[in-house]
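First up is the structure itself, then whatever we jot down about it.
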Amino acid sequence: MCRQSPNTSRQPGLTALGAAVRRGRTDAVRTLLAHGADPERLSWETEGAMTPLTIACKHGSLPCLELLLSARADASRPCRARALSPLGWAIEGAHVQLVQALVSARAPLGAMCTRGGLGPKALASSLMQRAIAALETFDAWEDAKPATEKVVVRFEQIISLLQYAEAEAAARKSASDAAAEMPAAAAGTVLFFP
1026 MCRQSPNTSR
1036 QPGLTALGAA
1046 VRRGRTDAVR
1056 TLLAHGADPE
1066 RLSWETEGAM
1076 TPLTIACKHG
1086 SLPCLELLLS
1096 ARADASRPCR
1106 ARALSPLGWA
1116 IEGAHVQLVQ
1126 ALVSARAPLG
1136 AMCTRGGLGP
1146 KALASSLMQR
1156 AIAALETFDA
1166 WEDAKPATEK
1176 VVVRFEQIIS
1186 LLQYAEAEAA
1196 ARKSASDAAA
1206 EMPAAAAGTV
1216 LFFP
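Using the working numbering, the letters of the sequence shown map in sequence onto residues 1026 to 1219.
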């Protein structure tokens, strides 16, 4: 019996895990992860090298994203030069749930791994402005207007999520800085007040 590693791929090409994620095949993703597929192993798409997590975000697959995160795929891993970060792909696709999952997994919020070197919030704002501008040109295309209005709402939700996550990260950093400044002698002292 010939057993091939789940991590092999034709160079350049997709690994079996990358291909399963690309097609949204959660059953195959689950099986491959159970048999040792590396959730960090790079696959090749048109845009360049991508992790399975990036591929899940590019193709908008929340179930695959959740499986990969539970297999300890790194949401904070920087992207390759020509590809967007997982968070960048989720934002570009206006996938609110993917953005929420990545923010919860502590994807980097300050990373400039998006088209044009924009940060995640700036990318979402830019894409929302494009959608709003498109709404103004839809007089002749009334059928497209409701779908575009929904996209604008999704970008608003994404921007709110990112603002909340930034505020939460700043609060964590502030608390960490305050703890670091605490004198060593007071660090173990417990004070009781009557």
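Ideal Cβ placement from N, Cα and C applies to all residues, glycine included. Keep in mind that this is a model prediction, so the values were computed, not measured.
Query, Result
"Taking the alpha-carbon positions, what's the Leu-1123 to Phe-1180 distance?", "12 Å"
"By Cβ distance, which residues of its chain are closer than 6 Å to Leu-1187, with the 5 residues on each side in sequence left out?", "Pro-1145 and Lys-1146"
"Select from Leu-1160, Gln-1182 and Leu-1148 the residue whose C-alpha is nearest the C-alpha of Leu-1112.", "Leu-1148"
"Please determine if the segment 1083-1103 and the segment 1044-1057 are in contact, where contact requires at least 3 C-beta pairs separated by less than 8 Å.", "yes"
"Whole angstroms are fine: how far does the CA of Asp-1099 sit from the CA of Leu-1042?", "15 Å"
"Among Asp-1202, Lys-1170 and Leu-1058, which has the Cα closest to the Cα of Ala-1096?", "Leu-1058"
"What residues in its chain sit with their C-beta under 7 Å from that of Thr-1173, if we drop five residues either side in the sequence?", "Ala-1156, Ala-1159, Leu-1160 and Phe-1163"
"Please list, in chain order, all residues of the same chain as Leu-1090 whose beta carbon is under 7 Å from its beta carbon, the five residues on each side excluded.", "Leu-1078, Ala-1081, Cys-1082, Leu-1123 and Ala-1126"
"Among Leu-1094, Leu-1093, Leu-1143 and Arg-1102, which residue has its Cα nearest to the Cα of Ile-1116?", "Leu-1143"
"Hey, would you say Ser-1101 sits closer than 8 Å to Arg-1066, going by beta carbons?", "no"
"Mind listing, in chain order, the continuous alpha helix (DSSP H) runs of no fewer than 4 residues lying wholly within the segment 1117-1178?", "1121-1129 and 1145-1161"
"Check each candidate in Leu-1093, Leu-1094, Leu-1039 and Gly-1061 and name the one with the smallest Cα separation from Glu-1072.", "Leu-1039"
"To the nearest whole angstrom, what separates the beta carbons of Val-1128 and Ala-1190, a pair I think is in contact under 8 Å?", "4 Å"
"Is it right to say Glu-1251 is buried, meaning 16 or more other beta carbons lie within 10 angstroms of its own, or is it exposed?", "Residue 1251 falls outside the range modelled here, since the chain spans only 1026 to 1219, and no answer is possible."
"State buried or exposed for Pro-1171, treating a residue as buried only when at least 16 other CB atoms are found within 10 Å of its CB.", "exposed"
"Which of the three DSSP states, helix, strand or coil, is assigned to Ala-1074?", "strand"
"Expressed to the nearest angstrom, what Euclidean distance is found between the alpha-carbon atoms of Ala-1169 and Ile-1184?", "23 Å"
"If you draw a straight line from the alpha carbon of Leu-1134 to that of Gly-1118, how long is it in whole angstroms?", "17 Å"
"Mapping DSSP to helix, strand and coil, what is Ser-1068?", "strand"
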